[in-house]
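In order, the protein sequence lines correspond to chains E and X.
Following this note's numbering, the numbering of the first sequence begins with 3 at its first residue and continues without gaps.
Following this note's numbering, the numbering of the second sequence begins with 76 at its first residue and continues without gaps.
Please read the structure below before turning to the comments.
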Amino acid sequence: MNNSLVRLKSVSKTFADKPILQNISMEINQGEITTLIGPNGAGKSSLIRLILGLITPDKGTIEKTPNLTVGYMPQKVNIDPTLPISTCRFLQLANTSHEECHNALELAGIPEVKNTPFHKLSGGEMQRVLLARSILRKPNLLVLDEPVQGVDFNGQNELYGLIGKLRSSLNCGIVMVSHDLHLVMSATDHVICLNHHICCQGKPEQVTQDPAYLDIFGETAFYNHKHNHQHSLKGEVLDSDGTHRHGEGCQHD
Amino acid sequence: MIDFLIYALLAGLGLAAVAGPLGCFVVWRRMAYFGDTLAHSALLGVALGVLLNIDLGIAVAAVCLIMALGLVALEQQGVLALDTLLGILSHSALAAGLVVISLLSDIRVDLMSLLFGDLLSVTASDLWVIYTGAAVAIILLTTLWKPLISITVEPDLAAVEGINVARIRTALMLITALVIAVAMKIVGVLLITALLIIPAAAARRVCATPELMAVTASLVAMASVISGLAASWYIDTPAGPSIVISAALLFCFSLSFKQKA
Numbered sequence: 003m004n005n006s007l008v009r010l011k012s013v014s015k016t017f018a019d020k021p022i023l024q025n026i027s028m029e030i031n032q033g034e035i036t037t038l039i040g041p042n043g044a045g046k047s048s049l050i051r052l053i054l055g056l057i058t059p060d061k062g063t064i065e066k067t068p069n070l071t072v073g074y075m076p077q078k079v080n081i082d083p084t085l086p087i088s089t090c091r092f093l094q095l096a097n098t099s100h101e102e103c104h105n106a107l108e109l110a111g112i113p114e115v116k117n118t119p120f121h122k123l124s125g126g127e128m129q130r131v132l133l134a135r136s137i138l139r140k141p142n143l144l145v146l147d148e149p150v151q152g153v154d155f156n157g158q159n160e161l162y163g164l165i166g167k168l169r170s171s172l173n174c175g176i177v178m179v180s181h182d183l184h185l186v187m188s189a190t191d192h193v194i195c196l197n198h199h200i201c202c203q204g205k206p207e208q209v210t211q212d213p214a215y216l217d218i219f220g221e222t223a224f225y226n227h228k229h230n231h232q233h234s235l236k237g238e239v240l241d242s243d244g245t246h247r248h249g250e251g252c253q254h255d
Numbered sequence: 076m077i078d079f080l081i082y083a084l085l086a087g088l089g090l091a092a093v094a095g096p097l098g099c100f101v102v103w104r105r106m107a108y109f110g111d112t113l114a115h116s117a118l119l120g121v122a123l124g125v126l127l128n129i130d131l132g133i134a135v136a137a138v139c140l141i142m143a144l145g146l147v148a149l150e151q152q153g154v155l156a157l158d159t160l161l162g163i164l165s166h167s168a169l170a171a172g173l174v175v176i177s178l179l180s181d182i183r184v185d186l187m188s189l190l191f192g193d194l195l196s197v198t199a200s201d202l203w204v205i206y207t208g209a210a211v212a213i214i215l216l217t218t219l220w221k222p223l224i225s226i227t228v229e230p231d232l233a234a235v236e237g238i239n240v241a242r243i244r245t246a247l248m249l250i251t252a253l254v255i256a257v258a259m260k261i262v263g264v265l266l267i268t269a270l271l272i273i274p275a276a277a278a279r280r281v282c283a284t285p286e287l288m289a290v291t292a293s294l295v296a297m298a299s300v301i302s303g304l305a306a307s308w309y310i311d312t313p314a315g316p317s318i319v320i321s322a323a324l325l326f327c328f329s330l331s332f333k334q335k336a
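The structure is reproduced here in structure tokens:
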């Protein structure tokens, strides 16, 4: 199974003299969901853009499997309201047929928005449409940047459930950014805690199997993540006594 | 006596055909000020063309293109906001054009016609240039239509799906430079952007797809050319500004329609 789709080796990226990512090594495997968590400005989106090939690393290498087809769900899409475009047409920009677009919308659970103008979609519909677009080219790697952003709690549950289903139906690897430290779907196989460097990574623990708990939260569970350090307001790594602590491969002063 | 009117009409219609779709991109991508900057630098192109004794159309297109590429380079530095950069470039280029033209003492350049167009003096050879330029621009826009829409909607998605965003963006700049070189003769450097954005804005009210909007914008631009020329003929107003006023009136009329989609 452990079929590596993308492998980052000691990747670093600097923007305007600010080190955004330092010495990142990680692997994305087929059939696995990897979740990136971390505070604002931790470099999550930059890491996503590196994986997508939209930016190139200053140091380190990114190896991709030769037959990689990437589906990407951006955080949001801002189309100028002067551009009249229906949802169906938006999906067809991915070079697919009308029928495939219909199927993707069906899969995303919103076949009814097919003819809705794109800029009239609600927040939740928008996220589902973007998810539908990301799966149109039958990707073996799905990259989702904050897929539940702006979606209400029930909607978040549904979307996470949908993403879990996509993983098995497409048999793809998934990298997902989550802004939320506490709420990560239970189906996540691998969590990477990022704050310019990889603070820690591993399997999430499920807090509870309690039926009452699942009744309330459905598929989601509170993610029990033991941090071996804290972060200052600036996002710097602090030890429990409040001093900066260097993680493995942390190269800054 | 009717020859020049027919030439003027044909020239205007040729420009209107390409102004529709290109104007849509200017509106969708919020490039109005960008178009202004290129148009204003066209005057500098004319001045340099006269100075170096090269074809004016080529000189204008070249200066516009250099301007566009320079703008991209400056923008990537991220020191100043885009509208500030555009303002600096736009007015410096216009001023430089005016100064260089004033220095060309041995050649008389009709400044008014450069600024506001001189549609009624279009000749048969001008028509060839206008139609060749417009045809090339329309062919490029049509061939690149899908990737152009794609990068306008969301450049990152387009890039992930395999579109070379930088190349398509450069192509759009090339097309814009080309159309400005063509349009200068017709409406002059100060009014080119108006002919691009007003018909597109009017078309938006009544259209629900990008293609329909592009075609409708062309039709609105054509109607503006016809009515502007008619006004110019019957009440003796300058042709270029009359065309722009007609477009503005059509835009006002479009406001009476309910917004589509």
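Cβ atoms here follow ideal geometry from the backbone N, Cα and C, with glycine treated the same way.
With a cut-off of 8 Å, does the C-beta of V131(E) fall near any C-beta of chain X? Looking up residue 131(E) in the first sequence gives position 129. It does not: the Cβ of V131(E) has no partner Cβ on chain X nearer than 8 Å.
Pull up the distance between the alpha-carbon of G271(E) and that of T36(E), whole angstroms please. The question about residue 271(E) has no answer, for chain E in this structure spans 3 to 255.
Alpha carbon to alpha carbon, how far is K140(E) from L97(X)? Give it in angstroms, no decimals. Stepping through the second sequence from its first residue, residue 97(X) is reached at position 22. Stepping through the first sequence from its first residue, residue 140(E) is reached at position 138. About 33 Å.
Going by the beta-carbon positions, is the gap between G40(E) and C195(E) smaller than 8 Å? As a first step, residue 40(E) must be located in the first sequence, where it is residue number 38. As a first step, residue 195(E) must be located in the first sequence, where it is residue number 193. Taking 8 Å as the Cβ cut-off, G40(E) and C195(E) qualify as a contacting pair.
C-alpha gap between L162(E) and Q129(E), whole angstroms: For the purposes of this step, residue 162(E) is identified with residue 160 of the first sequence, where counting begins at 1. For the purposes of this step, residue 129(E) is identified with residue 127 of the first sequence, where counting begins at 1. In the sequence as displayed, the identity of residue 162(E) is Tyr instead of Leu. Cα to Cα, the separation comes out at about 12 Å.
Of the choices S170(E), G166(E), S14(E), whose alpha-carbon is the least far from that of I22(E)? If you number the first sequence from 1, residue 22(E) lands on position 20. I22(E) has its Cα closest to that of S14(E), out of S170(E), G166(E), S14(E).
Per-residue burial, W103(X) [other beta carbons within 10 Å of its own, 16 or more giving buried]: The residue labelled residue 103(X) in the question sits at position 28 within the second sequence. The residue is buried, with at least 16 neighbouring Cβ atoms inside 10 Å.
Nearest-angstrom beta carbon gap, V93(X) and V197(X) [assumed within contact, 8 Å]: Translated into positions along the second sequence, residue 197(X) becomes position 122. Translated into positions along the second sequence, residue 93(X) becomes position 18. Rounded, the Cβ-Cβ distance is 16 Å, inconsistent with contact.
Please decide whether A107(X) counts as near chain E, where near means a Cβ-Cβ distance under 8 Å. As a working mapping, residue 107(X) is identified with position 32 in the second sequence. Not an interface residue.
Output yes if chain E places a C-beta closer than 8 Å to the C-beta of A103(X); else output no. As a working mapping, residue 103(X) is identified with position 28 in the second sequence. In the sequence on display, residue 103(X) carries Trp and not Ala. Yes, its Cβ sits closer than 8 Å to a Cβ of chain E.
Taking Cβ positions, are G55(E) and N173(E) nearer each other than 8 Å? Translated into the one-based positions of the first sequence, residue 55(E) becomes position 53. Translated into the one-based positions of the first sequence, residue 173(E) becomes position 171. Against a cut-off of 8 Å, the Cβ pair of N173(E) and G55(E) comes out as no contact.
Within 10 Å of its beta-carbon, does T58(E) have 16 or more other beta-carbons around it, so buried, or fewer, so exposed? Locating residue 58(E) in the first sequence gives position 56, where the first residue counts as 1. T58(E) should be labelled exposed.
Between I87(E), Q77(E), L10(E), which lies nearest to S47(E) when the distance is taken from Cα to Cα? For the purposes of this step, residue 47(E) is taken as the residue at position 45 of the first sequence. Ranking I87(E), Q77(E), L10(E) by Cα distance to S47(E) puts Q77(E) first.
Boundaries of the beta strand (DSSP E) in which R9(E) is found, first to last residue: Your numbering for residue 9(E) matches position 7 in the first sequence. 6-17 is the extent of the beta strand (DSSP E) around R9(E).
Could you please give me the residues that DSSP links to E160(E) through a beta bridge? Your numbering for residue 160(E) matches position 158 in the first sequence. DSSP output for E160(E) lists no bridge partner at all.
Is there a Cβ from chain E that is less than 8 Å from the Cβ of V228(X)? Locating residue 228(X) in the second sequence gives position 153, where the first residue counts as 1. So, interface residue.
As assigned by DSSP and simplified to three states, the class of V79(E): Position 77 of the first sequence holds residue 79(E). In this structure, V79(E) counts as coil in the three-state DSSP scheme.
Return yes when at least one heavy atom of the ligand SAH lies under 7 Å from the C-beta of I273(X), else no. Absence of the ligand SAH is noted for the structure shown, with no ligands found whatsoever.
If we cut at 8 Å on Cβ distances, does V179(E) have a partner in chain X? Your numbering for residue 179(E) matches position 177 in the first sequence. Not an interface residue.
Report the option in G157(E), D191(E), L70(E), L10(E) whose CA atom is closest to the CA atom of S124(E). Position 122 of the first sequence, counted from the first residue, corresponds to residue 124(E). If we check each option's Cα against that of S124(E), G157(E) comes out closest.
Going residue by residue through the region 261-320 of chain X, where are the continuous alpha helix (DSSP H) segments of at least 4 residues, counting only ones entirely within it? 267-279, 285-310
Answer yes if the region 140-155 of chain X comes into contact with the region 194-211 of chain X, meaning at least three C-beta pairs across the two stretches below 8 Å, and no otherwise. no
Start-to-end residues for the beta strand (DSSP E) that takes in N2(E): Coverage of chain E is limited to positions 3 through 255, which leaves residue 2(E) absent and any answer about it impossible.
At a CB-CB cut-off below 9 Å, which residues of chain E make contact with T284(X)? As a working note, residue 284(X) is residue 209 in the second sequence. Result: P86, I87, S88, R91.
Interface residues of chain E around K335(X) at Cβ under 8 Å? Mapped onto the second sequence, residue 335(X) falls at position 260. Within chain E, the residues near K335(X) are P86.
Using 8 Å as the limit for Cβ to Cβ distance, is I224(X) near chain E? Along the second sequence, one-based indexing puts residue 224(X) at 149. Judged by the 8 Å Cβ criterion, I224(X) is in contact with chain E.
Residue interval of the beta strand (DSSP E) (run including P21(E)): Taking the first residue of the first sequence as 1, we reach residue 21(E) at position 19. Run containing P21(E): 20-31, per the beta strand (DSSP E) assignment.
Give the secondary structure of T37(E) by DSSP, where H, G and I count as helix, E and B as strand, and everything else as coil. Walking along the first sequence from the start, residue 37(E) turns up at place 35. DSSP places T37(E) in strand when its eight states are reduced to three.
Terminal residues of the continuous alpha helix (DSSP H) containing L119(X)? The residue given as residue 119(X) occupies position 44 in the second sequence. 107-127 is the span of the alpha helix (DSSP H), which, as asked, contains L119(X).
Three-pair Cβ contact test at 8 Å for the region 268-280 of chain X versus the region 326-334 of chain X: yes
Please report how far the alpha carbon of G45(E) lies from the alpha carbon of T190(E), in whole angstroms. Numbered from its first residue, the first sequence carries residue 45(E) at position 43. Numbered from its first residue, the first sequence carries residue 190(E) at position 188. G45(E) and T190(E): Cα-Cα distance of roughly 20 Å.
P41(E) touches chain A at which residues, Cβ-Cβ below 7 Å? Note that chain A does not occur in the displayed structure, where the protein chains are E and X.
So, are the CB atoms of L132(E) and V79(E) less than 8 Å apart? Residue mapping note: residue 132(E) aligns to position 130 of the first sequence, counting from 1. Residue mapping note: residue 79(E) aligns to position 77 of the first sequence, counting from 1. Yes, Cβ-Cβ distance for L132(E) and V79(E) is below 8 Å.
Terminal residues of the beta strand (DSSP E) in which V145(E) lies: Within the first sequence, the letter at position 143 stands for residue 145(E). Start and end: 143-147.
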